[in-house]
Amino acid sequence: MSCGGESAAPPPPPNILFVVVDTLRADHLTPYGYQVQNTTPVLQAMVDGPGGQVYHGMLAASSWTKPSVATLFTGLDPRAHGVMRLVGKGSKLKDAHTLGAEFGRGGYTTGCVMSNFLLSKRMRSGFDQGFDFYDDTVANKADPHRGSTAVNISNSGMEWIRKQSEVKPWMLVLHYFDPHASFEDIAGVDWVDPHYNGWVVGGATTDLLREKESSLTEADIAALHAYYDEEIFETDRQIGRVFETLKQQGLWENTVVVFTADHGEELGERGHIGHTQTLRSELVDLPFLVRIPKAYQEAWKMPESAGGGYAMRQIYPALLTVAGLPLPQGRSLEAPDFLTTQVDFVPVRKEHIEKYVQKRSLRKDGLQYTLDTRSGEELLFDLTSDPQMMTPLPSNHAGWKSMRALLDEPVFWEEY
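Taking the numbering used here, the leading residue of the sequence shown gets 527, the next gets one more, and so forth.
Following this line, the structure appears as structure tokens:
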């Protein structure tokens, strides 16, 4: 209360910095207990500071980029937004209520720096709609898989932030491609065993990774993890430069920072390198870290699912809600009773036919049930005792009946 007995004036609308890192698994980040290397000192400092929070149990909408980012940009599950294809029908984001559009309607200046070529403007996939500024320069490289580009994403984002006036709040999405394959050897970061003399090198092409994945040794897997960690460290370092810009511009205390990923990555643990092929923890368990300045903490909401964890589609309404903006029809901040994730990936190149998968998973009360709709294979895991989902539960486990009962018909896939 003020001296005159009147309520304090509400704070101005916050700026929103939404950071999405491609192909980033939660279990390789320091805030999630990773101890092999200190991969994310910047993010650790953020969550250790005032307003920092670490959420456990954020489940990806899918195990690859387009459907997951479509969920982040619309607040809808894949069956609702309809994006689950590389090309053709089901490859375009058609929903008019994207983050860019809704923040724009709410009086915000909106920007996005995009690193993934699948979401570039030249692909005409619709992910740029609604944004005032959409820089996909990095995504248009001749070989988008080669070279660390985190510095470029941060440079563009920092330049854009400096150009913003104090008249309007802003919302900026920074999408980093690192640590996506090829996993580069970062200068000045030497985390690969110096005695390793195998075939894994920084910057190995995706075709070479696919060729060698069936004959991986433990030493090869360790080297892959090391290069992956180096790229995470570089991305964390470049995010730190953006944070420093916010502080230098006097924006740190009125900027909400939300950090997540679109999906994770297999690094040889199950004989694969890459993503899309399963819905297991390394691909669908996401980091979700936030920093909410004191003035906006009462407005920040992220309810947990009744069965535990958080749905990726909740991030969109959480961002709009903390900014004091209304939710479009069909979006809800309320957590579902159980979580779902799905993949229906049809590769374009015939030599990648092994990546053609159709799978659905349900997660509730510490259990994850997965159905392969092509083969009929069913798997059930206890995430409490087996968080890496290595040993399926036997067919007589009591959880089978309750999890199967939650599964509805795969209408979405049948449409394509």
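A virtual CB, placed ideally from N, CA and C, is assigned to each residue, including glycine.
Please read all numbers here as calculations on a predicted model, not as lab measurements.
Indicate whether the contact test is met: 3 or more Cβ pairs, each with one atom in the stretch 720 to 728 and one in the stretch 740 to 752, closer than 8 Å.
yes
Tell me the start and end of each unbroken alpha helix (DSSP H) in the stretch 763 to 841 that is at least 4 residues and wholly inside, in chain order.
807 to 810
Per DSSP, what kind of secondary structure is residue 867 in: helix, strand or coil?
strand
Alpha carbon to alpha carbon, how far is residue 555 from residue 678?
22 Å
Let me know the secondary structure DSSP gives residue 597 once reduced to three states.
helix
Do you know whose CA, among 862, 849 and 922, lies nearest residue 635's CA?
849
How about residue 800 and residue 792: are their beta carbons less than 7 Å apart?
yes
Can you tell me which of the three DSSP states residue 570 falls into?
helix
Per DSSP, cross-strand counterpart(s) of residue 896:
887 and 905
Option nearest residue 961 by Cα separation, candidates 762, 542 and 824:
The first residue shown for the chain is 527 and the last is 942, placing residue 961 beyond what the model contains.
Measuring alpha carbon to alpha carbon, tell me which residue in 906, 778 and 914 is nearest residue 929.
906
Please list the terminal residues of the continuous beta strand (DSSP E) segment that includes residue 583.
578 to 585
Report buried or exposed for residue 642, applying the criterion of at least 16 other Cβ atoms within 10 angstroms of its Cβ.
buried
What residue from 910, 914 and 890 has the CA that sits closest to residue 927's CA?
890
What separation, rounded to the nearest whole angstrom, lies between the Cα atoms of residue 538 and residue 694?
10 Å
By the three-class DSSP mapping on this structure, what secondary structure does residue 610 have?
coil
Counting along the chain, where does the beta strand (DSSP E) carrying residue 661 start and finish?
659 to 661
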